[in-house]
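Here the structure is laid out as structure tokens; the discussion comes afterwards.
There are 2 protein chains.
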Amino acid sequence: MKKLSLEIVSRALKLPVCEGDSLAEKIEEAGIPLSTYCRKRGVCGKCFVEIVRGDIPPPTEKESLLMRQKKMPARSRLSCLYKIRGSLAVKIPRGSLFRETNILTTGLRMSVVVNPPVKKYLLKVLSPRILNPASALELVEEGLKRKGLRVPLPLLRKLPALLQDTQGRLTAVIFDEEEILALEAGDTTGKNYGIAIDLGTTTVVVELVDLQTGATVDLATALNSQSRFGSDVVSRISHAFLSDQNLEDLRLSIVRQLNSLIHEMGERNHIPKSSLYEVVVAGNTTMNHLLLGLPVKTLAVAPFNAVFSSLDEFPAIELGLELNEQAKAFIVPNIKSFVGGDISAGILASDLARRPGNFVFIDLGTNGEIVLKKGKSLWATSTAAGPAFEGMNISSGMLALPGAIYKAELGKKLDVFTIGDRAPIGICGTGLIDLLALFKKKGDITPQGKIVPASRILPVTEGITITQKDVREVQLAIAAVKTGVRMMLEKGGLDPEDLDGILIAGAFGNYLNVRNSQAIGLLPAIARKKIVFIGNASLSGAKELLLSSPSRKFLKKMIKSVTHVSLAADPEFQKKFIESLEFPEVDP
Amino acid sequence: MKKLSLEIVSRALKLPVCEGDSLAEKIEEAGIPLSTYCRKRGVCGKCFVEIVRGDIPPPTEKESLLMRQKKMPARSRLSCLYKIRGSLAVKIPRGSLFRETNILTTGLRMSVVVNPPVKKYLLKVLSPRILNPASALELVEEGLKRKGLRVPLPLLRKLPALLQDTQGRLTAVIFDEEEILALEAGDTTGKNYGIAIDLGTTTVVVELVDLQTGATVDLATALNSQSRFGSDVVSRISHAFLSDQNLEDLRLSIVRQLNSLIHEMGERNHIPKSSLYEVVVAGNTTMNHLLLGLPVKTLAVAPFNAVFSSLDEFPAIELGLELNEQAKAFIVPNIKSFVGGDISAGILASDLARRPGNFVFIDLGTNGEIVLKKGKSLWATSTAAGPAFEGMNISSGMLALPGAIYKAELGKKLDVFTIGDRAPIGICGTGLIDLLALFKKKGDITPQGKIVPASRILPVTEGITITQKDVREVQLAIAAVKTGVRMMLEKGGLDPEDLDGILIAGAFGNYLNVRNSQAIGLLPAIARKKIVFIGNASLSGAKELLLSSPSRKFLKKMIKSVTHVSLAADPEFQKKFIESLEFPEVDP
């Protein structure tokens with residue numbers, strides 16, 4: 219066979235190729251992230267290259283159409299359709315490369331290639347022929363180079379009129395390469411949006427994502443409207459438990475809130491709900507159950523089993539969410555009852571499963587979820603830290619809202635900092651950690667947690683104090699996390715110093731002072747640079763799942779490999795928990 | 219390896235086997251149709267054998283449960299779970315063999331193994347365990363030995379209460395081994411029903427089928443209620459064409475009629491609609507489109523393309539049919555515009571594709587659909603015979619209803635026979651054929667179709683005559699079919715005598731006189747024993763598709779291999795059509 223060469227001038231690369239090779243495949247083999255959005259079927263028109271030297275076959279009808287539309291140079295051809303006939307040199311325009319988008323922006327920078335489950339393709343549907351009169355649906359499938367696509371009946375009913383009105387020029391919205399979600403007149407390929415949701419017990423974050431570019435279009439945050447039925451998971455389960463109507467009230471409350479947040483973002487950005495084709499929800503197990511309207515009774519009593527762990531994508535309309543009528547919903551699967559979809563999403567966003575080395579991933583909230591990664595294995599557990607870190611059951615405690623003391627420093631006197639620089643009205647979780655560490659350093663609190671001054675009250679600032687009971691509450695919360703991390707490390711046969719890193723997820727982490735956290739024993743005393751805050755990894759994971767079909771496939775498989783560890787069932791737990799109640803003797 | 223033997227005493231068979239072999243597989247290899255309904259997962263309990271001699275391991279929990287329930291001898295074991303350890307002898311009870319059921323009962327006897335897409339399994343769902351608290355859905359999947367089953371949200375919402383109320387004893391209804399359609403309290407495995415429909419332009423036949431035994435429970439026939447909008451396909455298309463409301467009226471008319479027929483049969487047989495899990499509809503392309511509420515405009519104008527050819531199963535509720543809320547609907551796929559699902563079903567029921575030899579399959583109606591099978595190839599076409607065979611456009615014509623002359627004989631005088639032995643009120647298709655053949659034999663009609671008596675009117679019986687125009691109408695209808703068959707044979711390079719058979723489908727066939735049909739040229743002059751009437755093959759095919767998952771998979775593949783022949787587009791057609799207008803010179 220003749221020896222041929224392919225020169226990629228934009229990268230100063232020269233590769234040996236053979237006659238008959240696919241140009242697109244050769245470019246990919248050279249490690250260049252060529253956009254093969256439609257899986258090299260010549261349908262999406264994203265992999266154009268400019269033939270600088272060599273054979274230029276006449277363009278196909280599709281290529282001519284796309285070249286006019288995209289104003290490409292005349293020497294451009296779709297590399298997925300190009301079979302190599304002789305040596306050639308090509309230039310790859312930037313637009314023909316897969317876009318990457320950042321999903322984690324704090325701590326670790328993680329990016330993802332934009333390759334969403336929901337894709338749009340511009341089609342020129344051919345007219346039927348007298349000799350072989352293909353059906354309208356078959357003609358659409360021909361345009362998509364796919365067969366046996368599922369199509370909803372309402373779309374099929376509109377299809378003939380749509381083909382007539384548009385003279386066959388339409389955009390198909392395809393889910394997972396197997397289902398037509400929508401058929402739209404003309405070229406709407408630029409308008410493809412989805413919604414990523416971090417559904418927390420306290421806070422709800424909704425992100426409007428551009429599925430073509432991967433960009434975040436808008437973000438909205440709100441307190442979970444279910445809070446009026448109970449501030450924590452347990453009180454909401456108890457409420458739902460009492461009657462079916464209560465469960466329905468909880469469901470409707472969150473559904474309406476999500477619809478209103480989505481609607482507001484749509485209005486603000488002039489994006490109609492019909493352009494929203496998928497929603498991905500990452501929440502803890504209880505929040506997922508309440509959103510789905512599933513009974514939560516079994517989550518409250520031993521053995522604490524959920525109704526489901528993972529579900530396939532289903533119509534968003536079944537949730538009551540107002541997106542495109544055929545939009546899909548994906549609930550990020552739980553690992554087990556108390557290790558929910560928010561943690562699965564966090565594991566994904568931090569690439570924990572594929573990160574070389576030994577890591578602990580901690581999500582600090584009412585439940586402290588802990589994931590240990592060692593070698594190729596993942597173990598996950600959940601500890602009942604209680605709501606102290608969210609300011610609950612603390613005399614001056616509050617959520618991390620404006621006016622909350624989130625940080626404290628000890629100079630000549632005690633300096634406190636509040637969110638929004640307002641007059642202090644209470645203390646949130648990170649503030650509590652700082653204050654306890656500082657009071658301990660001053661000697662106002664013993665390592666056993668006893669307040670030394672006879673008043674048993676430590677003044678913080680005007681009207682705000684820390685009581686002996688407050689210290690006890692925080693000690694319990696810390697001990698839960700500390701015991702959890704300790705037992706997980708034992709499970710993996712690791713000492714803290716064997717860890718390559720501790721990844722801390724949750725909005726909480728943004729303000730957490732590592733030195734103070736180590737001083738009171740919340741975090742192990744390892745090198746501080748190994749402790750990384752990764753922000754809202756649950757939301758980042760939801761966004762990644764919206765943007766990347768391969769990530770979604772990876773997640774579905776990955777979560778099945780996670781081993782669930784039930785700490786409460788371990789007879790050692792109680793003993794170690796009591797040992798963990800004391801603060802460390804020495805500061806780090 | 220030790221040489222072991224397996225003796226099947228109920229069949230007087232002895233086979234060599236190896237240690238570790240699966241008993242079920244060895245029995246199947248011996249050609250015995252063992253019921254492996256659950257695909258050998260030990261779930262359905264249908265493949266029990268009695269171990270007459272040899273190793274009997276202790277029964278599993280499932281086996282004990284099933285043995286008690288089915289009152290099996292203590293030496294019985296599920297052959298799918300049994301691994302061979304030493305030589306053994308077994309007896310296979312009749313109940314462990316796959317049932318067969320007849321689907322075609324006239325002409326050719328065809329039977330099918332009952333192995334439906336909708337299956338029921340009795341489960342004992344285990345309780346969750348504290349150390350590894352599987353979700354309720356996972357526990358159900360464990361019972362089914364399947365993972366990642368799709369489950370509708372409403373079912374998931376009821377699941378915890380159902381598990382509690384039944385102590386885990388429930389019946390799962392599974393579609394195509396991948397989706398849970400229903401979860402029912404206790405053992406309902408004996409109540410699994412489906413509906414097969416032959417949706418004809420003139421007549422609708424609805425069959426209630428037991429999906430466990432394959433038996434027909436009940437059958438209902440009615441005139442298609444859409445007839446009031448137009449008696450034939452063309453007039454209904456024209457009506458639908460005028461407004462969206464008309465299309466909706468046509469849709470609702472047939473949906474309501476089907477619901478009412480299904481409801482009546484359910485009442486009569488004490489089968490609630492919740493026990494109906496699937497409906498299969500075989501109809502011509504226009505009838506399918508109208509049932510689905512699809513625009514039919516393109517069916518009326520060249521190139522006569524349909525909106526769809528084949529669709530995956532979808533929820534029956536989307537059609538408006540009242541079965542179980544999660545029931546499925548399957549529309550038997552069309553081959554091309556004018557060769558509809560009724561023909562696909564007929565090809566299946568007659569096993570045309572796999573039948574060795576050369577065959578012509580004819581479905582006589584307003585359209586005469588003709589399928590030629592030669593070697594491994596299938597060609598299909600449709601000829602516009604017009605409604606003469608249904609008695610339309612004939613002076614004394616009528617449908618095959620009570621009082622219609624369906625048969626005539628020439629003795630000393632002309633004897634006519636009517637349906638229901640009533641006073642004659644008109645002539646239906648088969649009667650017309652007999653009468654024309656007899657008048658031609660008597661010399662009252664020339665081979666050119668001219669009526670000899672000067673009156674140009676042939677009296678049949680009191681008040682009923684045949685006019686010159688009537689003869690011309692029938693000549694046109696015959697010529698369409700005759701030309702079709704002739705051109706299809708030419709396509710295959712065959713002479714009529716090369717045929718191994720002509721299969722005639724349609725209720726029409728039941729009364730058709732072969733000699734008279736040959737005398738007027740409707741059927742080729744081949745040996746009469748080669749001409750077989752197979753009855754309502756469309757309904758038989760629908761029933762087979764309801765009962766056999768392998769048949770459904772076969773059909774989906776098979777129809778793609780059929781080559782559509784467009785006779786109207788062939789320049790030879792007009793010439794041959796005119797040649798075919800003459801009756802044969804000599805009688806057969």
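Quick mapping for you: the protein sequence lines, in order, are chains A and B. Using the working numbering, read the first sequence as starting at 219 and increasing by one per residue. Using the working numbering, read the second sequence as starting at 219 and increasing by one per residue. For glycine and all other residues, C-beta sits at the position ideal for the given N, C-alpha and C.
Provide the residue(s) that pair with G644 (chain B) in DSSP beta bridges, ordered along the chain.
B:A622
In this structure, does DSSP put L252 (chain B) in helix, strand or coil?
strand
Given this structure, state the Cα-to-Cα distance separating G366 (chain A) from A534 (chain B), to the nearest angstrom.
19 Å
Close beta carbons around I722 (chain B), own chain, < 6 Å, minus the five adjacent residues each side:
I580, F751
Mark L539 (chain B) as exposed unless 16 or more other C-beta atoms lie within 10 angstroms of its C-beta, in which case mark it buried.
buried
If I measure Cβ to Cβ from L380 (chain B) and keep anything under 8 Å in the same chain, skipping five residues before and after, which residues do I get?
L388, L401, A403
Check whether chain B comes within 8 Å of G386 (chain A), counting only Cβ atoms and requiring the distance to be less than that.
no
Sheet register partners of R704 (chain A) (DSSP bridge):
Per DSSP, none; premise fails for R704 (chain A).
For I415 (chain B) versus A755 (chain B), is the C-beta distance shorter than 8 Å?
no
Pick from B:L541, B:V499, B:K515: whose alpha carbon is nearest that of G484 (chain B)?
B:L541
Spatial neighbours of K625 (chain B) within its chain, please: CB distance less than 8 Å, with the 5 preceding and 5 following residues excluded, ordered by chain position.
V634, F635, T648, G649, D652, Y729, N731
Can you name, in chain order, every residue of its own chain whose Cβ lies under 7 Å from the Cβ of V369 (chain A), other than the five neighbours on each side?
L355, I398
Are any of the Cβ atoms in chain B nearer than 8 Å to that of V525 (chain A)?
yes
Give me the Cα-Cα distance between I472 (chain B) and S443 (chain B), rounded to the nearest whole angstrom.
6 Å
Note down, in chain order, each residue of its chain lying with its Cβ closer than 7 Å to the Cβ of P291 (chain B), except the 5 sequence neighbours on either side.
E268
Beta-carbon proximity list for P802 (chain B), same chain, < 6 Å, skipping 5 on both sides
G739
Unbroken alpha helix (DSSP H) run spanning A787 (chain B), endpoints
First-last for A787 (chain B): undefined, no H or E at that position.
Per-residue contacts from D530 (chain A) into chain B (C-beta, under 8 Å)
G366, R368
Per DSSP, what are the beta-bridge partners of A414 (chain A) in this structure?
A:E425, A:V498
Return the chain-ordered list of same chain residues with a C-beta closer than 7 Å to the C-beta of N464 (chain A), the five sequence neighbours on each side being excluded.
H457, A458
Could you check where the beta strand (DSSP E) with M328 (chain A) kicks off and where it finishes?
328 to 331
Straight-line CA distance for V842 (chain A) to E531 (chain A)?
As shown, chain A starts at 219 and ends at 806. That puts residue 842 (chain A) outside it, with no answer to give.
Does the distance from the CB of S798 (chain B) to the CB of T701 (chain B) come in under 8 Å?
yes
N-terminal and C-terminal residue of the beta strand (DSSP E) that S294 (chain A) is part of
294 to 296
Proximity test, Cβ basis, 8 Å: E466 (chain B) and chain A
no
Chain A contact residues for A352 (chain B), given Cβ-Cβ distances below 7 Å
N523
On the three-state DSSP scale, how would you describe N464 (chain A)?
helix
First through last residue of the beta strand (DSSP E) which encompasses R387 (chain A):
387 to 393
What's the C-alpha gap between V270 (chain A) and V227 (chain A)?
8 Å
Cα-Cα separation between L765 (chain B) and M705 (chain A), rounded to whole angstroms
55 Å
In chain order, what residues of the segment 485 to 516 of chain A put their CB closer than 7 Å to some CB of chain B?
L510, G511, L512, P513, K515, T516
Give the straight-line distance between the Cα atoms of K630 (chain A) and R640 (chain A), rounded to the nearest whole angstrom.
22 Å
Just to confirm, does Q666 (chain B) get its C-beta within under 7 Å of one of the non-hydrogen atoms of the ligand PLP?
Within the structure as shown, the ligand PLP is missing, as the structure has no ligands at all.
Cα-Cα separation, G644 (chain B) to N320 (chain B)
35 Å
Could you name the residues of chain B that L476 (chain A) contacts, counting a contact when the two beta carbons are closer than 8 Å?
Near L476 (chain A) there are no residues of chain B at all, since even the closest Cβ is about 16 Å away, more than 8 Å.
Run through DSSP, which three-state label would F532 (chain A) get?
strand
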